[in-house]
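A.B. asks: In our numbering, the protein residues as written are 7 to 140.
Note that CB positions come from ideal geometry on N, CA and C, so glycine has one too.
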């Protein structure tokens, strides 16, 4: 059987971990997980925290998303994370350090419900991003 699980170090027993403006504790629940093709995953927590890990449970970065995220996608090359949430913003971050590269304010359309991208192999030019809102 090839099932592997881990408790992220930020959720280890005996306390929390300080991040930009928040403390991650045992009561903090995982809301979303997205796995990239390069062996990295990004976890979105109930306190709006974002954490990137390798599949071997090595923490790469953490950041505060600032809102509840409704959807997350990793680009086909595994380098960029696209998120959409309750505040109507689409945010593009680097997966390796979770630094914001670009932010698109679509709040006049309501919360972002979904984000998806065309796969590289189906697209002879740049990858397209599709966004769903209310």
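How would you call residue 63, buried or exposed, if buried means at least 16 neighbouring beta carbons within 10 angstroms?
C.D. replies: Indexing the chain shown from 1 puts residue 63 at position 57. Exposed, since its Cβ has fewer than 16 Cβ neighbours within 10 Å.
A.B. asks: Going by other Cβ atoms of all chains shown within 10 Å of its Cβ, with 16 needed for buried, is residue 90 buried or exposed?
C.D. replies: Mapped onto the chain shown, residue 90 falls at position 84. By the 10 Å Cβ count, residue 90 comes out buried.
A.B. asks: What's the call for residue 118, buried or exposed, on a 16-neighbour Cβ count within 10 Å?
C.D. replies: To locate residue 118, count along the chain shown from 1; it is residue 112. By the 10 Å Cβ count, residue 118 comes out buried.
A.B. asks: When DSSP labels each residue in this structure, what does residue 88 get in the three-state scheme?
C.D. replies: For the purposes of this step, residue 88 is taken as residue 82 along the chain shown, with counting starting at 1. Here residue 88 sits in strand by DSSP.
A.B. asks: Start and end of the beta strand (DSSP E) containing residue 111?
C.D. replies: Locating residue 111 in the chain shown gives position 105, where the first residue counts as 1. 106-111 is the extent of the beta strand (DSSP E) around residue 111.
A.B. asks: Take the Cβ of residue 41 as the centre, count every other Cβ of all protein chains shown within 10 Å, and call the residue buried at 16 or more, exposed below.
C.D. replies: Here residue 41 corresponds to residue number 35 of the chain shown, with the count starting at 1. Residue 41 should be labelled exposed.
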